[in-house]
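Going down the list, the sequences are from chains A and B. What the first sequence shows, in the numbering used here, is residues 1 to 82, in sequence order. What the second sequence shows, in the numbering used here, is residues 83 to 164, in sequence order.
2 protein chains.
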Amino acid sequence: MTYSYVISIARKPGLSDPEGTTTKKALSDLGFGGVTHVSFGRTISIDVEAESAEAAEPLIEAMCEKLLANPVMERYTIEAAS
Amino acid sequence: MTYSYVISIARKPGLSDPEGTTTKKALSDLGFGGVTHVSFGRTISIDVEAESAEAAEPLIEAMCEKLLANPVMERYTIEAAS
C-alpha cells in the first residue's frame with residue numbers, strides 16, 4: 001500500500017536566515033513597510049510503498065536523517081498526508 | 083498589532099519537478115526502493131504589522147504576487163499562523 005507523508009523542514013531557532021533577511025529588505029523596498037519577520041522553510045511530499053504505516057514511518061525518518069534534512073542546522077517534522 | 087501568516091508554495095500540477103525526480107533517484111540509490119513520488123515545496127513565515135487581519139491579508143496576497151511566488155509556475159496558499 002502507498003503511504004503519503006509531508007516533511008516540513010526549517011532552520012533551528014537562533015540560526016541566521018539570510019534568505020529571510022534579504023526578502024524582508026526586498027519587501028520593504030517594494031513598499032511593504034510593516035513586515036517585521038520573514039523566514040523560509042521547505043516541505044517535501046513523499047509517497048512510499050510499505051506494508052503498514054508502522055513500517056513506513058521509520059523509513060521516512062531514516063530518509064530525513066540520511067538525505068533530506070541537515071540535522072546539524074535544521075529541524076523537521078513528519079506528518080501523514082491525507 | 084502583529085499578524086503572522088504562513089505561505090505554502092508548490093509547483094502547479096503537471097509541471098515537472100527536477101528536484102523531486104533527482105531526490106527520488108538518490109533515495110533509491112541509498113536503498114530506499116519503495117519511494118514512488120517526491121515533490122518539493124517551500125513555506126514562508128511572515129509577521130506583519132497591521133491594524134486588523136482584514137488589512138493584513140490583502141498585503142500578504144500582494145507580496146506573493148509581486149515577489150514571493152511565481153504565479154506562472156507556482157500556486158500558493160496563505161494561512162493565518164497561531
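All residues carry an ideal CB built from backbone N, CA and C; glycine is no exception.
Margin query: Tell me which residues share the same chain as Val88 (chain B) and place their Cβ nearer than 7 Å to its Cβ, disregarding the 5 neighbours each side in the sequence.
Written below: On the second sequence, residue 88 (chain B) is found 6 positions in, with the first residue counted as 1. Answer for Val88 (chain B): Thr125, Ser127, Glu161, Ala163, listed in chain order.
Next item on the list: Classify Asp29 (chain A) as helix, strand or coil using the three-state DSSP reduction.
Entry: As a first step, residue 29 (chain A) must be located in the first sequence, where it is residue number 29. Helix.
Check: Contact between the stretch 139 to 153 of chain B and the stretch 28 to 35 of chain A: three or more CB pairs below 8 Å?
Finding: Yes, the stretch 139 to 153 of chain B touches the stretch 28 to 35 of chain A.
Check: Is it true that the CB of Ala138 (chain B) sits closer than 7 Å to the CB of Ala144 (chain B)?
Finding: Within the second sequence, numbered from 1, the residue matching residue 144 (chain B) stands at position 62. Within the second sequence, numbered from 1, the residue matching residue 138 (chain B) stands at position 56. The answer is no: Cβ separation not under 7 Å.
Notebook entry, point to check: Using a beta-carbon distance cut-off of less than 7 Å, what residues from the stretch 41 to 65 of chain A approach chain B?
Noted result: Gly41, Arg42, Thr43, Ile44, Ser45, Ile46, Asp47, Val48, Glu49, Ala50, Leu59, Met63
Note to self: Strictly under 7 Å for the Cβ-Cβ distance: is Gly14 (chain A) near chain B by that measure?
What the structure shows: Numbered from its first residue, the first sequence carries residue 14 (chain A) at position 14. False, the Cβ-Cβ gap to chain B never drops below 7 Å.
Notebook entry, point to check: Exposed or buried, Lys107 (chain B), counting other C-beta atoms within 10 Å across all chains shown (16 or more means buried)?
Noted result: On the second sequence, position 25 is the one that residue 107 (chain B) refers to. The residue is exposed, with fewer than 16 neighbouring Cβ atoms inside 10 Å.
Next item on the list: Go through its chain and collect everything with a Cβ distance to Glu101 (chain B)'s Cβ below 6 Å, but skip five positions before and after it.
Entry: Residue 101 (chain B) sits at position 19 when you count from the first residue of the second sequence. Closer than 6 Å at the Cβ level, and outside the excluded window around Glu101 (chain B), lie Phe122.
Check: Starting from Glu79 (chain A) and walking both ways along the alpha helix (DSSP H), at which residues does that stretch end?
Finding: As a first step, residue 79 (chain A) is located in the first sequence; it is residue number 79 there, counting from the start. Not the alpha helix (DSSP H): Glu79 (chain A) falls in the beta strand (DSSP E), residues 74 to 80.
Notebook entry, point to check: To which residues does DSSP link Ala10 (chain A) through a beta bridge?
Noted result: As a working mapping, residue 10 (chain A) is identified with position 10 in the first sequence. According to DSSP, which records beta bridges pairwise, Ala10 (chain A) is partnered with A:Gly41, A:Arg75.
Notebook entry, point to check: Out of curiosity, what's the CA-to-CA distance linking Gly14 (chain A) and Val38 (chain A)?
Noted result: Against the first sequence, residue 14 (chain A) aligns to sequence position 14. Against the first sequence, residue 38 (chain A) aligns to sequence position 38. Roughly 14 Å separates the two Cα atoms.
Note to self: With the cut-off set at 7 Å, would you say Thr159 (chain B) and Ser86 (chain B) are in Cβ contact?
What the structure shows: Numbered from 1 along the second sequence, position 77 holds the residue referred to as residue 159 (chain B). Numbered from 1 along the second sequence, position 4 holds the residue referred to as residue 86 (chain B). At a Cβ-Cβ threshold of 7 Å, Thr159 (chain B) and Ser86 (chain B) do not count as neighbours.
Note to self: 7 Å is my cut-off, CB to CB: does Ser110 (chain B) come that close to chain A?
What the structure shows: Translated into positions along the second sequence, residue 110 (chain B) becomes position 28. For Ser110 (chain B), the answer is no, since every Cβ of chain A falls outside 7 Å of its Cβ.
Item checked: Anticipated Cβ contact below 8 Å, Glu54 (chain A) with Lys12 (chain A), distance rounded -> Taking the first residue of the first sequence as position 1, residue 54 (chain A) is located at position 54. Taking the first residue of the first sequence as position 1, residue 12 (chain A) is located at position 12. Not quite, the Cβ-Cβ distance comes to about 29 Å (not below 8 Å), so this is no contact.
Note to self: Going by DSSP in three states, Glu133 (chain B) sits in which element: helix, strand or coil?
What the structure shows: Indexing the second sequence from 1 puts residue 133 (chain B) at position 51. If DSSP states are grouped into helix, strand and coil, Glu133 (chain B) belongs with coil.
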